[in-house]
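Visitor: Residue numbers (the numbering used here): 35 to 367. Virtual Cβ for every residue (Gly too), placed ideally from N, Cα, C.
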Ligand code: UT7
């Protein structure tokens with residue numbers, strides 16, 4: 035291990051204005067507010083309504099929020115990473131466009147795809163670049179326009195997902211705060227249960243795939259739930275134990291927001307009370323790569339230098355993991 039520590043030094047976020055509430059969904063599919071809240075914890079999600087705007091728009095707004103709130107000169111950014119499963123286009127890198135639009139003119143950039151674990155895995159990538167000493171400022175953005183791949187006639191998925199973006203800046207830290215440890219895992223069995231069948235190299239899009247609605251997300255919720263609820267809790271418990279920590283040493287759980295019941299099960303496994311668990315699923319639903327940075331933005335003013343955060347995520351693939359990190363700054367309000 036190098037002795038350079040990589041810490042989060044700034045946060046930004048963006049959620050589009052339009053609120054798709056449970057009441058509105060009741061008019062679209064056979065569902066109801068009581069079912070959605072009790073099964074998922076979601077009350078509303080944000081949707082990017084503008085047909086001419088893609089994920090890059092969300093990412094750019096989140097990055098601009100970070101740049102403004104931290105007075106960052108974007109020309110000093112070395113690398114822009116965009117974690118997303120909904121790139122603007124399948125070939126042109128979304129991150130390249132985002133970097134240019136925010137004035138990161140000296141940065142290189144690439145997209146990173148690990149579904150709902152995209153931001154978590156991106157944290158591993160970003161911190162590794164800093165720890166190696168090769169780069170000084172890495173901007174990691176998690177952004178997804180999930181509404182672009184959701185079938186609003188499928189009640190199994192349309193009640194869950196929303197659009198959003200969040201961004202964090204990683205820099206070296208001289209006070210020994212920042213990234214501590216990670217457990218990252220994957221299992222290809224997941225593609226039976228959570229996927230988009232068409233539009234990739236295995237099944238290129240055609241009239242037939244569109245007619246069959248194979249360009250939309252398919253989720254076997256029950257099976258995904260079964261894996262998610264045990265795997266996310268397992269890695270959270272493992273990272274706490276292997277760092278010889280107890281529940282009292284953890285200040286915050288930062289869990290992927292897929293289902294309130296999965297979040298509660300993870301918190302229970304490491305015996306953390308509700309007030310130490312970041313939550314905003316009721317407002318945004320599952321924004322895939324954006325859930326973790328949206329949480330950080332929302333809780334930023336409550337975080338104190340030295341706080342111990344355990345991040346945990348589970349997503350398509352399957353991909354999952356946890357990261358232990360100490361917070362590096364007190365936000366002036
Ligand atoms: O972030 C990526 C990873 N994704 C996840 O972690 C998501 C994991 N899965 C889940 O969160 C849950 O499985 C869901 C929220 C998707 C579904 O909850 P569930 O408790 O697993 O419900 P279910 O699929 O077992 O369905 C229970 C019942 C069924 O009716 P019957 O067969 O018991 O009569 C469904 O037909 O609820 C019915 N149902 C609904 N009813 C109202 C399914 N979807 C809906 C709906 N509204 N939207």
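(1) Taking buried to mean at least 16 other C-beta atoms within 10 Å of its own C-beta, is residue 307 buried or exposed?
(2) Does any heavy atom of the ligand UT7 sit closer than 7 Å to the C-beta of residue 303?
(3) Between residue 199 and residue 96, which are expected to be in contact by the criterion C-beta below 8 Å, what is the C-beta distance as a whole number of angstroms?
(4) Would you mind stating whether residue 34 and residue 133 have Cβ atoms separated by less than 8 Å?
(5) Looking at the structure shown, is residue 145 part of a helix, part of a strand, or coil, going by DSSP?
(6) On a Cα-Cα basis, can you pick out the residue from 274, 349, 247 that is closest to residue 222?
(7) On the DSSP letters alone, give me the boundaries of the beta strand (DSSP E) that residue 12 sits inside.
(8) Using the DSSP secondary-structure output, state which residues sit across from residue 178 in a beta bridge.
(9) Going straight from the alpha carbon of residue 120 to that of residue 251, what length do you get?
(10) With respect to the alpha helix (DSSP H) encompassing residue 227, which residues constitute its N-terminal and C-terminal limits?
(11) What residues in its chain sit with their C-beta under 6 Å from that of residue 174, if we drop five residues either side in the sequence?
(12) Could you tell me which of 351, 179, 242 sits nearest to residue 86, measuring between CA atoms?
(13) Could you tell me whether the stretch 310-319 touches the stretch 259-266, where touching means 3 or more Cβ pairs closer than 8 Å?
(14) Do you know whose CA, among 273, 293, 318, lies nearest residue 370's CA?
(15) For residue 66, I'd like the list of residues in its chain whose CB is within less than 7 Å of its CB, leaving aside the five on either flank, ordered along the chain.
(16) In terms of alpha-carbon separation, which member of 229, 246, 276 lies closest to residue 255?
(17) Are the stretch 278-298 and the stretch 323-342 touching by the rule of at least three beta carbon pairs closer than 8 Å?
(18) Assuming residue 189 and residue 63 are in contact, meaning their beta carbons sit under 8 Å apart, how far apart are those beta carbons, in whole angstroms?
(19) For residue 54 versus residue 176, is the C-beta distance shorter than 8 Å?
(20) Three or more beta-carbon pairs under 8 Å between the stretch 90-106 and the stretch 123-139, yes or no?
Guide: On the basis of the data shown:
(1) Taking the chain shown and counting its residues from 1, one reaches residue 307 at position 273. It is exposed - the Cβ of residue 307 has fewer than 16 other Cβ atoms within 10 Å.
(2) Along the chain shown, one-based indexing puts residue 303 at 269. Residue 303: no, Cβ never under 7 Å from the ligand UT7.
(3) Stepping through the chain shown from its first residue, residue 199 is reached at position 165. Stepping through the chain shown from its first residue, residue 96 is reached at position 62. Correct: roughly 4 Å between the Cβ atoms.
(4) Since the first residue shown for the chain is 35 and the last is 367, residue 34 is missing from the structure and cannot be characterised.
(5) Numbered from its first residue, the chain shown carries residue 145 at position 111. It is a strand residue.
(6) Indexing the chain shown from 1 puts residue 222 at position 188. Residue 222 has its Cα closest to that of 349, out of 274, 349, 247.
(7) There is simply no residue 12 to check, as the chain begins at 35 and stops at 367 in what is shown.
(8) Numbered from 1 along the chain shown, position 144 holds the residue referred to as residue 178. Its beta-bridge partners are 198.
(9) Sequence index remark: in the chain shown, residue 120 carries index 86 (1-based). Sequence index remark: in the chain shown, residue 251 carries index 217 (1-based). C-alpha separation (whole angstroms): 11 Å.
(10) In the chain shown, residue 227 corresponds to position 193, counting from 1. Where residue 227 is concerned, there is no enclosing alpha helix (DSSP H), given that its DSSP letter is neither H nor E.
(11) Sequence index remark: in the chain shown, residue 174 carries index 140 (1-based). Once the five neighbours on either side are set aside, the close Cβ partners of residue 174 are 115, 156, 160, 202.
(12) Stepping through the chain shown from its first residue, residue 86 is reached at position 52. For the residues 351, 179, 242, the minimum Cα distance to residue 86 belongs to 179.
(13) no
(14) This structure cannot speak to residue 370, because the chain is shown only from 35 to 367.
(15) Numbered from 1 along the chain shown, position 32 holds the residue referred to as residue 66. Around residue 66: 60.
(16) Within the chain shown, numbered from 1, the residue matching residue 255 stands at position 221. For residue 255, the closest of 229, 246, 276 by C-alpha to C-alpha distance is 229.
(17) yes
(18) In the chain shown, counting from the first residue as 1, residue 189 sits at position 155. In the chain shown, counting from the first residue as 1, residue 63 sits at position 29. That belief holds up - the Cβ atoms of residue 189 and residue 63 are roughly 4 Å apart, short of 8 Å.
(19) On the chain shown, position 20 is the one that residue 54 refers to. On the chain shown, position 142 is the one that residue 176 refers to. Not in contact: residue 54 and residue 176 (Cβ atoms no closer than 8 Å).
(20) yes
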